[in-house]
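Asks: Got a structure for you, questions after.
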Amino acid sequence: MTFATLGLIEPLLRALETLGYQTPTPVQAQAIPAVLAGRDLMAAAQTGTGKTAGFALPLLQLLTMEGPKVAANSARALILCPTRELAEQVHASVAEYAQHLPLTTYAVYGGVSINPQMMKLRKGVDILVATPGRLIDLFRQNALKLNQLQTLVLDEADRMLDLGFSEELANIYRMLPKKRQTLLFSATFSDDIRLLAGQMLNDPLSIEVSPRNVAANTVKQWVVPVDKKRKAELFVHLMRKGRWKQVLVFAKTRNGVDALVDKLQGLGINADGIHGDKPQATRQRALDRFKSSEVQILVATDVAARGLDIEDLPLVVNFDLPIVAEDYIHRIGRTGRAGNTGEAISLVCADEVNMLSAIEMLTRQTLTRKMEPDFEPEHRVPDTDASGQVVKKPKKPKKPKMSGGGGKRNLGKWVDSGDVAPAEPSIKPVRKVPVFNTGPRKKK
Ligand code: AMP
Numbered sequence: 001m002t003f004a005t006l007g008l009i010e011p012l013l014r015a016l017e018t019l020g021y022q023t024p025t026p027v028q029a030q031a032i033p034a035v036l037a038g039r040d041l042m043a044a045a046q047t048g049t050g051k052t053a054g055f056a057l058p059l060l061q062l063l064t065m066e067g068p069k070v071a072a073n074s075a076r077a078l079i080l081c082p083t084r085e086l087a088e089q090v091h092a093s094v095a096e097y098a099q100h101l102p103l104t105t106y107a108v109y110g111g112v113s114i115n116p117q118m119m120k121l122r123k124g125v126d127i128l129v130a131t132p133g134r135l136i137d138l139f140r141q142n143a144l145k146l147n148q149l150q151t152l153v154l155d156e157a158d159r160m161l162d163l164g165f166s167e168e169l170a171n172i173y174r175m176l177p178k179k180r181q182t183l184l185f186s187a188t189f190s191d192d193i194r195l196l197a198g199q200m201l202n203d204p205l206s207i208e209v210s211p212r213n214v215a216a217n218t219v220k221q222w223v224v225p226v227d228k229k230r231k232a233e234l235f236v237h238l239m240r241k242g243r244w245k246q247v248l249v250f251a252k253t254r255n256g257v258d259a260l261v262d263k264l265q266g267l268g269i270n271a272d273g274i275h276g277d278k279p280q281a282t283r284q285r286a287l288d289r290f291k292s293s294e295v296q297i298l299v300a301t302d303v304a305a306r307g308l309d310i311e312d313l314p315l316v317v318n319f320d321l322p323i324v325a326e327d328y329i330h331r332i333g334r335t336g337r338a339g340n341t342g343e344a345i346s347l348v349c350a351d352e353v354n355m356l357s358a359i360e361m362l363t364r365q366t367l368t369r370k371m372e373p374d375f376e377p378e379h380r381v382p383d384t385d386a387s388g389q390v391v392k393k394p395k396k397p398k399k400p401k402m403s404g405g406g407g408k409r410n411l412g413k414w415v416d417s418g419d420v421a422p423a424e425p426s427i428k429p430v431r432k433v434p435v436f437n438t439g440p441r442k443k444k
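Here UniProt numbering is used: the first residue of the sequence shown is 1, the next is one more, and so on.
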């Protein structure tokens, strides 16, 4: 199959040739004809599957072939994205695909001054990429009207809900013309997403593309167990040992990002950080410098790093595991893209055992553990497997009995993830219990 057989027009084919896209990806093969035929779409596809071209190419074609010229302060197509970085990235892709078409494109998001955006919108734009909050601001200030809107794209809809944009989406829904084409892309289909889809879509065609990372043929993954307080030291050690050149590192919190960046910079390592507290211009600059290899280590929170497409990124390190297991797939999906191979290493401490177990259950794999000599944790990370079980160990009895009873009496005292006993290499795991998120198991 080729892009030409999917019915794309010559200026788009020319742009794809320049970009070196030869064969449509599965999501493109399904989405392009459906969107050209005017269907609404509900697509389960995440970043890395080629979904952006999947919706952008037919959208550009329809806007070129149909509909009136864009009016002042209007947009003919709106692409909603969860984060500023993703909005920039989607806009850059759309602009590349549209390079030979007489269409205008623009991206708006918060964290930067609204005035230049209002000025730019005066003449109207054919395709507007936006984050929900800034879109509403522009609408309320009469800088944007949506009555000319032909198509709405909800990109990474699950993430928009995760980030708390459901109210904004409900507001935007009220601003939209009833007659329009709507395309919804989401990595997962929770009840909330289905509810949103039920409200926004009209007889949608469902497309499902298997999440490319779950099988993870292209990303080699493993876990290094370590004590929490030694993570930074281990990171630097692994970095030097492996001669890492370009690494995207995920930390759980903004403070965690700042602390690691400070530590690395203090050691003379070329590192920078991005998270939601930093001004947009600083975030974009750090990202651009990382992409161009001026910065070697980029430390990020999930919010800031969602959906980023970094060419040939060889390595992702989870300095902390994500709280939401799905984020693990998104994180490791930053590497091993577009046919390349990549590595994803997770530094896991005992506190994170339940997160590790949830990730293994979601991705249906038991992650290989590699102990790093001199960094073996004092607080052992209990064994886990893909069934979602944590193999817990009894605490060391205070007064070991000479024979029998002691061990047995302690079988009921399972070690909680927040209170893990020191390593006891001589004791083999005795039984498996399901993972509970509640407190310590009650004594019988
Ligand atoms: P996306 O899932 O839209 O973020 O795209 C992931 C990456 O794949 C981007 O770097 C795209 O430029 C690239 N890509 C998308 N479609 C194709 C294709 N048909 N052939 C080659 N690369 C592609």
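A virtual CB, placed ideally from N, CA and C, is assigned to each residue, including glycine.
Taking the continuous beta strand (DSSP E) assigned at residue 387, which residues delimit it?
Replies: By one-based count along the sequence shown, residue 387 stands at place 387. Per DSSP, residue 387 belongs to no beta strand (DSSP E) and is neither H nor E.
Asks: Within a Cβ cutoff of 8 Å, which residues of the same chain sit near residue 95, ignoring the five residues on either side of it in sequence?
Replies: Here residue 95 refers to the residue found at position 95 when the sequence shown is read from its first residue. Around residue 95: 105.
Asks: Identify every run of the beta strand (DSSP E) within the region 174-212, keeping only runs that are complete inside it and at least 3 residues long; order them along the chain.
Replies: 181-186, 205-208
Asks: Going by C-alpha distance, which of 348, 273, 30 is nearest residue 223?
Replies: Here residue 223 corresponds to residue number 223 of the sequence shown, with the count starting at 1. Nearest C-alpha to residue 223: 348.
Asks: Measure the alpha-carbon distance for residue 39 versus residue 226 and round it to whole angstroms.
Replies: What you label residue 39 is simply residue 39 of the sequence shown in a count that begins at 1. What you label residue 226 is simply residue 226 of the sequence shown in a count that begins at 1. About 51 Å.
Asks: So what does DSSP say about residue 155, is it helix, strand or coil?
Replies: Counting from 1 along the sequence shown, the entry for residue 155 is found at position 155. In the structure shown, residue 155 sits in coil (DSSP, three-state: anything other than H, G, I, E or B).
Asks: With DSSP collapsed to three states, give me the class of residue 371.
Replies: Against the sequence shown, residue 371 aligns to sequence position 371. In this structure, residue 371 counts as coil in the three-state DSSP scheme.
Asks: When you compare each of 129, 325, 312, 196 to residue 91 by their alpha carbons, which one comes out closest?
Replies: Against the sequence shown, residue 91 aligns to sequence position 91. Of 129, 325, 312, 196, the residue nearest in Cα terms is 129.
Asks: DSSP state of residue 88, grouped into three classes?
Replies: Taking the sequence shown and counting its residues from 1, one reaches residue 88 at position 88. DSSP places residue 88 in helix when its eight states are reduced to three.
Asks: Can you check the region 253-301 for any alpha helix (DSSP H) of at least 4 residues that lies completely inside it and give the ranges in chain order?
Replies: 254-266, 280-291
Asks: Identify the residues that DSSP records as bridge partners of residue 221: which are they?
Replies: Working through the sequence shown from its first residue, we reach residue 221 at position 221. 344, per the DSSP bridge assignment.
Asks: Contact check, residue 251 vs residue 260 under 8 Å by CB: the rounded distance?
Replies: As a position in the sequence shown, residue 251 is number 251, starting the count at 1. As a position in the sequence shown, residue 260 is number 260, starting the count at 1. Their Cβ separation, rounded to whole angstroms, is 6 Å, which keeps residue 251 and residue 260 in contact under 8 Å.
Asks: Taking Cβ to Cβ, would you say residue 187 is nearer than 7 Å to residue 46?
Replies: In the sequence shown, counting from the first residue as 1, residue 187 sits at position 187. In the sequence shown, counting from the first residue as 1, residue 46 sits at position 46. Against a cut-off of 7 Å, the Cβ pair of residue 46 and residue 187 comes out as a contact.
Asks: From the DSSP output, read off the bridge partner residues of residue 162.
Replies: Taking the first residue of the sequence shown as position 1, residue 162 is located at position 162. Partner(s): none; residue 162 has no beta bridge.
Asks: Helix, strand or coil: which one does DSSP assign to residue 381?
Replies: As a position in the sequence shown, residue 381 is number 381, starting the count at 1. In the structure shown, residue 381 sits in coil (DSSP, three-state: anything other than H, G, I, E or B).
Asks: Kindly indicate the opening and closing residues of the beta strand (DSSP E) around residue 127.
Replies: As a working mapping, residue 127 is identified with position 127 in the sequence shown. The continuous beta strand (DSSP E) containing residue 127 extends over residues 125-130.
Asks: Please report the distance separating the alpha-carbon of residue 33 from that of residue 54.
Replies: Along the sequence shown, one-based indexing puts residue 33 at 33. Along the sequence shown, one-based indexing puts residue 54 at 54. About 10 Å.
Asks: For residue 42, which of helix, strand or coil comes out of DSSP?
Replies: Position 42 of the sequence shown holds residue 42. Three-state result, residue 42: strand.
Asks: Pull up the distance between the alpha-carbon of residue 66 and that of residue 82, whole angstroms please.
Replies: Position 66 of the sequence shown, counted from the start, is the residue given in the question as residue 66. Position 82 of the sequence shown, counted from the start, is the residue given in the question as residue 82. If you take the alpha carbons of residue 66 and residue 82, they lie about 28 Å apart.
Asks: What residue range does the alpha helix (DSSP H) around residue 332 cover?
Replies: As a first step, residue 332 is located in the sequence shown; it is residue number 332 there, counting from the start. Here the alpha helix (DSSP H) through residue 332 covers 325-332.
Asks: Under 7 Å between C-beta atoms, does residue 201 make it to chain B?
Replies: No chain B is present in this structure, which holds just one protein chain.
Asks: With hydrogens ignored, establish whether the beta-carbon of residue 231 is closer than 6 Å to any heavy atom of the ligand AMP.
Replies: Here the question's residue 231 lines up with position 231 in the sequence shown. The closest heavy atom of the ligand AMP lies 6 Å or more from the beta carbon of residue 231.
Asks: Among the candidates 353, 243, 120, 180, whose CA atom is the shortest distance from the CA of residue 385?
Replies: Along the sequence shown, one-based indexing puts residue 385 at 385. The alpha carbon of residue 385 has as its nearest neighbour, out of 353, 243, 120, 180, the alpha carbon of 353.
Asks: For the beta strand (DSSP E) that residue 240 lies in, which residues bound it at each end?
Replies: As a working mapping, residue 240 is identified with position 240 in the sequence shown. No beta strand (DSSP E) contains residue 240, which is instead part of the alpha helix (DSSP H) from 231-242.
Asks: Looking at the ligand AMP, does it come within less than 6 Å of residue 51, judged from the CB to the closest heavy atom?
Replies: Here the question's residue 51 lines up with position 51 in the sequence shown. Answer for residue 51: yes, Cβ within range of the ligand AMP.
Asks: Check for me: the alpha helix (DSSP H) holding residue 27 runs from which residue to which?
Replies: Mapped onto the sequence shown, residue 27 falls at position 27. Here the alpha helix (DSSP H) through residue 27 covers 26-36.
Asks: Which same chain residues, not among the five before or five after residue 286, have their C-beta less than 6 Å away from its C-beta?
Replies: Residue mapping note: residue 286 aligns to position 286 of the sequence shown, counting from 1. For residue 286, where only same-chain residues beyond five positions count, the Cβ hits under 6 Å are 272, 274.
Asks: Could you say if the region 316-332 and the region 14-34 meet the contact criterion of at least three C-beta pairs nearer than 8 Å?
Replies: no
Asks: Report yes if the CB atom of residue 340 is closer than 7 Å to the CB atom of residue 312, and no otherwise.
Replies: For the purposes of this step, residue 340 is taken as residue 340 along the sequence shown, with counting starting at 1. For the purposes of this step, residue 312 is taken as residue 312 along the sequence shown, with counting starting at 1. One thing to note: residue 340 has its Cβ within 7 Å of the Cβ of residue 312.
Asks: List the residues that DSSP assigns as beta-bridge partners of residue 145.
Replies: Locating residue 145 in the sequence shown gives position 145, where the first residue counts as 1. For residue 145, which the question treats as bridged, DSSP gives the partners 74.
Asks: Would you check whether the ligand AMP has a heavy atom nearer than 6 Å to the C-beta of residue 309?
Replies: The residue labelled residue 309 in the question sits at position 309 within the sequence shown. At least one heavy atom of the ligand AMP lies closer than 6 Å to the C-beta of residue 309.
Asks: Considering Cα atoms alone, identify which of 382, 284, 44, 346 is closest to residue 295.
Replies: In the sequence shown, counting from the first residue as 1, residue 295 sits at position 295. Ranking 382, 284, 44, 346 by Cα distance to residue 295 puts 284 first.
Asks: Rounded to the nearest angstrom, how far is the Cβ of residue 154 from that of residue 177, given a contact under 8 Å?
Replies: Walking along the sequence shown from the start, residue 154 turns up at place 154. Walking along the sequence shown from the start, residue 177 turns up at place 177. Contact check for residue 154 and residue 177: beta-carbon distance about 16 Å, past the 8 Å limit, so the pair fails to qualify.
Asks: Distance, Cα to Cα, residue 357 vs residue 144?
Replies: The residue given as residue 357 occupies position 357 in the sequence shown. The residue given as residue 144 occupies position 144 in the sequence shown. Residue 357 and residue 144: Cα-Cα distance of roughly 47 Å.
Asks: Figure out for me which residue from 374, 369, 375 has the closest Cα to the Cα of residue 382.
Replies: Position 382 of the sequence shown, counted from the first residue, corresponds to residue 382. Taking only the C-alpha atoms, the option nearest residue 382 is 369.
Asks: Going by DSSP in three states, residue 56 sits in which element: helix, strand or coil?
Replies: To locate residue 56, count along the sequence shown from 1; it is residue 56. Residue 56 falls in the helix class under three-state DSSP.
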